[in-house]
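Novice:
Number of protein chains: 2
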Amino acid sequence: MSTKKPQLRLGAFLPSTGHHVASWRHPEAQADGGLNFQHYKRLAQTAERGKFDMIFFADGVAVRDRNQGADVLSRNGKLVHFEPLTLLSALSVVTENIGLTATVSTTYNEPYHLARKFASLDYLSGGRAGWNLVTSATEAEALNFNQEKHMEHTLRYERAKEFVDVVTKLWDSWEDDAFLHDKESGIYFDPNKLHVPNHKGEHFSVRGPLNVARPIQGYPVIIQAGSSEDGKDLAAQTAEVIFTAQQTLAEAQAFYTDVKGRLVQYGRSPDHLKIMPGVFPVIGKTEQEAKDKFDQIQELIDPVVGLNLLGSMIGGFDLSGYPLDGPLPDLPETNGGKSRQQLLTDLARRENLTIRQLYLWIAGARGHRQILGTPEQIADQLEDWFVNGGADGFNIMPPWLPGGLDEFVDLVIPELQRRGLFRTEYEARTLRENLGLPRPVNQFSKVATREAAIA
Amino acid sequence: MSTKKPQLRLGAFLPSTGHHVASWRHPEAQADGGLNFQHYKRLAQTAERGKFDMIFFADGVAVRDRNQGADVLSRNGKLVHFEPLTLLSALSVVTENIGLTATVSTTYNEPYHLARKFASLDYLSGGRAGWNLVTSATEAEALNFNQEKHMEHTLRYERAKEFVDVVTKLWDSWEDDAFLHDKESGIYFDPNKLHVPNHKGEHFSVRGPLNVARPIQGYPVIIQAGSSEDGKDLAAQTAEVIFTAQQTLAEAQAFYTDVKGRLVQYGRSPDHLKIMPGVFPVIGKTEQEAKDKFDQIQELIDPVVGLNLLGSMIGGFDLSGYPLDGPLPDLPETNGGKSRQQLLTDLARRENLTIRQLYLWIAGARGHRQILGTPEQIADQLEDWFVNGGADGFNIMPPWLPGGLDEFVDLVIPELQRRGLFRTEYEARTLRENLGLPRPVNQFSKVATREAAIA
Ligand SMILES: Cc1cc2nc3c(=O)[nH]c(=O)nc-3n(C[C@H](O)[C@H](O)[C@H](O)COP(=O)(O)O)c2cc1C
Ligand SMILES: Cc1cc2nc3c(=O)[nH]c(=O)nc-3n(C[C@H](O)[C@H](O)[C@H](O)COP(=O)(O)O)c2cc1C
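Protein chains in written order, with UniProt numbering: chain A, 1 to 455; chain B, 1 to 455.
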């Protein structure tokens, strides 16, 4: 297989009813999908049938859009859903090879809990866990955790950096071969292979060790999704996968080159970070059919919902006072998601979009790339970015679920496979191996720590 | 079925390799059970075959016994294991009727996370989740969460009380029938049925609402396991099941009467709290066989391990300086588990036990009741406490796993069923219904909150 083409990576990003803001109203959508395990079981098994590298669940620790009136809120079909780590744990039992990844915020969690839960998921799944590190972007989350304001952007990323440091130390508490289980001698583990992290830093003081053995993957795969300068820097230091939203090949190439270029200063190989922009595919037998399908779902958007989505995407501002068919007003800088606010204001100015046009533009993919077309056209677009240095793979965002995923698996995946761009069988059982990522060396095992191990 | 006898409740308390301190060394034990999903799957399915009300996992957020030397620590087979909520989520998929319960500490967690994860588990399992509320007993846990000392006992329970309050408010964020999923009108939920908790208290400020719908059971079943005055009071106010350790029928009756008596002041019926003392059964075809089995496992205890267990059970004191065959020294009061320290010192004084005798005494059941005998003898003992006001049921603690659970299910359960004391089929799909507990009314639904709902 030495002549095998480079392989692209695929994630299936699976919010309850789909990505489109009106997805739950689509005739083929599972409207109660957020809390329906059979729905998620079917999705995970479909993605595995399609040989996706991983499924991915976004997350936030609050009901978002809380600052809207009852009328807007009651039209939102995405407010309630499973907590991702409990859901992934359940899905680990009904899948075999696919990676199981989800967001957990570093701003509203403690490293010990996080390290432990992902290590536990890694054991449940035989090495298929992945963590999308985010620093959270909404004020609503702060209010659920004894705080009045969302932590300031720079501080959030400082905390995140130390958080990863603590988490990886905890994962390294035990060497891979620490456990002997020797019934005869009564020795359960080799004490030289236990390392107490004893972390004391700016934000965290965590003694350890972790009460889970070293994860099967060494570390679960670390993903990052912030595109600000702070976000990209953190990713260059710590992440193995980046989720990002890019609109044009030129932008994608610039982002790709920028982030990969940052790895060298941290002694990392560019190959060890996979960049996966989001793609929202609308698939038709003909291009026209794809466009009609898109129009059909766009028509299901209630204007108040569209406006509310736009408001929350630009940093939580209330746009209801502005005319729908007028321009986007100037906005104060947000403490939330900086990169998205920038993307949208740039777009509105560049393309001279009204508020309505802007919300229609984001209603599907929320700033990610939309591709409408036949399976061949979609494969062409993915191949174009992949071979031209814009992406290592893609995070696929079905417009509605389960139908949008079914179509991708049945129509687009076979086309990618025919072109030799995507696997027809999993290479391995672990997510890390399937992604072609190296297994991290235990940071403590190089040092002789016979005495230091047990304080 | 109106002549049916009162039914006893059974929990299966399932630590990785079993309850005995040397369980992992037992020839029939699964030595790597703590991180072996197939092992737990088999245990959960065996317990379900036995029609147990629930399985239960204890928990702590630290490697316990950290203050021991490497030699002691390396003989401990219980340091690493799955995180319970991820494990229960996975087990929800391979079971149908059995309750899925675990400990989560109120001292080292945030109510929003806890309410959310248990609500999520309740949906995954179709209404089978239960939460054992503890306030944590070890200093080691504090050190993993930015603290230098374990929070003081009274303060822990004050925090716990407010914690439950916040959690139940979050579970009540949505009324049971809030979600309409009406694709036609575009209305996803009835805004009058959303209640924002907006909790502001001494320890917590949590706005809510929860991003999970009201749990299938209303609330997951709330369990409590602290036996101090503070613990019993909290249980009387909030718990629906109590786990406890009692040695004699007289003690069990006193505890039972005491706790049930406390319910009236909170307007609760004594029937709505099930008291379940722990029982460590060693089962033989003859009484002698049971005794021999017990001796066999007792012989597997390394003295350093026994001493260490005793030290940790009496509040984390180092006993290694004291002669093994001398008396227990006087101990300073602990800030950890008060009720257990008391139980052990009383026992040592009363029975004039040496340190070695005391550790042998606790090596199996850690202060819970041990019953050695034939299936009939064990059933006699359980029946005795059950019909004489000492217990509503029992938390069964197999000495080693999986064997100890297999034997209980194959030998003791049929005997209890023959006596008409225990179900032969599950009555219902939810844990709450199987336990005969009422479904809690939503605390917000009585009030007209049309305007107040959305602030
Ligand atoms: C594919 C993708 C998924 C994301 N998932 C989450 C998520 O689950 N939770 C979240 O709070 N933010 C999520 N984000 C947002 C970012 O991670 C980040 O929090 C936000 O953009 C602010 O960071 P920044 O200022 O560095 O861009 C996601 C972004 C992308 C591109
Ligand atoms: C059956 C049973 C299970 C328990 N499980 C846990 C546990 O998982 N984690 C924990 O920290 N304490 C556990 N405990 C201990 C108590 O819940 C409590 O934390 C301790 O006894 C201190 O509280 P107290 O001073 O009120 O007794 C358990 C106790 C019993 C009887």
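Glycine included, each C-beta is placed from N, C-alpha and C at the ideal position.
1. Would you say B/L431 lies against chain A (beta-carbon separation less than 8 angstroms)?
2. Mind listing which residues of the segment 75 to 88 of chain B have their C-beta closer than 9 angstroms to chain A's C-betas, in chain order?
3. By DSSP, does B/M397 sit in helix, in strand, or in coil?
4. Between which two residues does the alpha helix (DSSP H) carrying B/I301 extend?
5. Would you mind stating whether A/Q253 and A/G389 have Cβ atoms separated by less than 8 angstroms?
6. Below 8 angstroms on the Cβ atoms is my contact criterion, and I expect B/L114 with B/S89 to pass it. Report the Cβ-Cβ distance as a whole number of Å.
7. Give the single residue among A/H199, A/D165, A/G127 whose Cα lies nearest to the Cα of B/F145.
8. Relative to the C-alpha of A/Q237, which candidate in A/S269, A/T95, A/P209 has its C-alpha closest?
9. Please state whether the Cβ-Cβ distance between B/S173 and B/L210 is less than 8 angstroms.
10. Using a beta-carbon distance below 8 angstroms, is B/K149 in contact with chain A?
11. Do we get a CB-CB distance below 8 angstroms when we pair A/D258 with the residues of chain D?
12. In three-state terms, what does DSSP make of B/I314?
13. At a cut-off of 7 angstroms, would you count B/K338 as near ligand 2, judging by its Cβ distance to the nearest heavy atom?
14. Can you have a look at A/R450 and say buried or exposed, based on whether 16 or more other CB atoms are within 10 angstroms of its CB?
15. Report all residues from its chain with a CB closer than 8 angstroms to the CB of residue 458 of chain B; omit the five preceding and five following residues, and keep chain order.
16. Just checking, does the segment 15 to 29 of chain B make contact with the segment 399 to 411 of chain B on the three C-beta pairs under 8 angstroms criterion?
17. Run through the segment 350 to 423 of chain A for me and flag every whole beta strand (DSSP E) of 3 or more residues, listed as ranges in chain order.
18. Mapping the DSSP letters down to three states, classify B/V94 as helix, strand or coil.
19. Between the segment 411 to 418 of chain B and the segment 20 to 32 of chain B, do at least 3 Cβ pairs fall closer than 8 angstroms?
20. Just mark A/Y266 as buried or exposed, buried being the case when its beta carbon has 16 or more other beta carbons within 10 Å.
21. How would you call B/R214, buried or exposed, if buried means at least 16 neighbouring beta carbons within 10 angstroms?
22. So which residues on chain A does B/L324 lean against when the C-beta distance must stay under 7 angstroms?
23. Residues in its own chain within less than 6 angstroms of B/K51 by CB, not counting five upstream and five downstream?
24. Going by other Cβ atoms of all chains shown within 10 Å of its Cβ, with 16 needed for buried, is B/V206 buried or exposed?
25. For A/D71, which residues from the same chain have a beta carbon less than 8 angstroms from its beta carbon, with the 5 sequence-adjacent residues on both sides left out?
26. Can you round the beta-carbon distance between A/G127 and A/L431 to whole angstroms, since I take them to be within the 8 angstroms contact cut?
27. For ligand 1, is there any heavy atom lying closer than 7 angstroms to the beta carbon of A/A47?
28. Under 8 angstroms between C-beta atoms, does B/F56 make it to chain A?
29. To test your reading of the DSSP string, which unbroken beta strand (DSSP E) runs of 3 or more residues are found completely within the segment 23 to 110 of chain B?
30. Please report whether the beta-carbon of A/G208 lies at a distance below 8 angstroms from any beta-carbon of chain B.
31. Between A/R116, A/G420, A/Q247, which lies nearest to A/K4 when the distance is taken from Cα to Cα?
32. Could you tell me which residues DSSP pairs with A/S205 in its beta bridges?
33. Mind checking whether B/H368 and B/F280 have CB atoms under 8 angstroms apart?
34. So, is B/A428 buried or exposed, given that buried needs 16 or more other C-beta atoms within 10 angstroms?
35. Run the proximity test for A/T154: is its beta-carbon closer than 7 angstroms to any non-hydrogen atom belonging to ligand 1?
Specialist: Looking at the coordinates:
1. Using beta-carbon distances, B/L431 does not count as an interface residue toward chain A, since no partner is under 8 angstroms.
2. The segment 75 to 88 of chain B vs chain A, Cβ under 9 angstroms: R75, N76, G77, K78, L79, V80, H81, F82, E83, P84, L85, T86, L87, L88.
3. Judged by DSSP in its simplified three-state form, B/M397 adopts coil rather than helix or strand.
4. From DSSP, B/I301 is part of no alpha helix (DSSP H); its letter is neither H nor E.
5. Yes, the pair counts as a contact, with Cβ atoms nearer than the cut-off.
6. Not confirmed; about 14 angstroms, so no contact.
7. Answer by Cα proximity: A/H199.
8. Of the residues A/S269, A/T95, A/P209, the one whose Cα lies closest to the Cα of A/Q237 is A/S269.
9. A contact, by the Cβ cut-off of 8 angstroms.
10. Among the residues facing chain A, B/K149 is not included, as its CB has no counterpart in that chain under 8 angstroms away.
11. Considering every chain present, this structure includes no chain D. Its protein chains are A and B.
12. Note: B/I314 maps to coil in three-state DSSP.
13. Yes - ligand 2 has a heavy atom lying nearer than 7 angstroms to the Cβ of B/K338.
14. Legend: pLDDT at A/R450 = 40, less than 50; position of this residue unreliable, value from coordinates given subsequently. By the 10 Å Cβ count, A/R450 comes out exposed.
15. Lying outside 1 to 455, the shown extent of chain B, residue 458 of chain B is not represented and no answer is given.
16. With the cut-off at 8 angstroms, the segment 15 to 29 of chain B and the segment 399 to 411 of chain B touch.
17. Note on the segment 350 to 423 of chain A: whole beta strand (DSSP E) runs with a minimum of 3 residues are 369 to 373, 393 to 396, in chain order.
18. If DSSP states are grouped into helix, strand and coil, B/V94 belongs with coil.
19. As far as the Cβ criterion goes, the segment 411 to 418 of chain B does not touch the segment 20 to 32 of chain B, which means the pair count is below three.
20. With fewer than 16 Cβ atoms within 10 Å of its Cβ, A/Y266 is classed as exposed.
21. In the assembly as shown, B/R214 is a buried residue. Its beta-carbon has 16 or more other beta-carbons within 10 Å.
22. Ordered by position in chain A, no residue passes the 7 angstroms Cβ test against B/L324, which lies about 17 angstroms from the chain.
23. Around B/K51: R423.
24. Buried, since its Cβ has 16 or more Cβ neighbours within 10 Å.
25. Residues of the same chain with a CB within less than 8 angstroms of the CB of A/D71, apart from the 5 flanking positions on each side, are V304 in chain order.
26. Approximately 7 angstroms separates the beta-carbon atoms of A/G127 and A/L431; this is inside 8 angstroms, confirming the contact.
27. Because no heavy atom of ligand 1 lies under 7 angstroms away, the Cβ of A/A47 does not count as near it: no.
28. No, B/F56 does not count as interfacial toward chain A.
29. Counting only runs of at least 3 residues, the segment 23 to 110 of chain B fully encloses the following beta strand (DSSP E) elements, listed from N- to C-terminal order: 54 to 57, 99 to 105.
30. Yes, contact with chain B.
31. Here the closest residue by C-alpha is A/G420.
32. Partner(s): A/K200.
33. The Cβ atoms of B/H368 and B/F280 sit closer than 8 angstroms to each other.
34. By the neighbour-count rule (16 or more Cβ atoms within 10 Å), B/A428 is not buried but exposed.
35. Distances from the CB of A/T154 to the heavy atoms of ligand 1 are all 7 angstroms or more.
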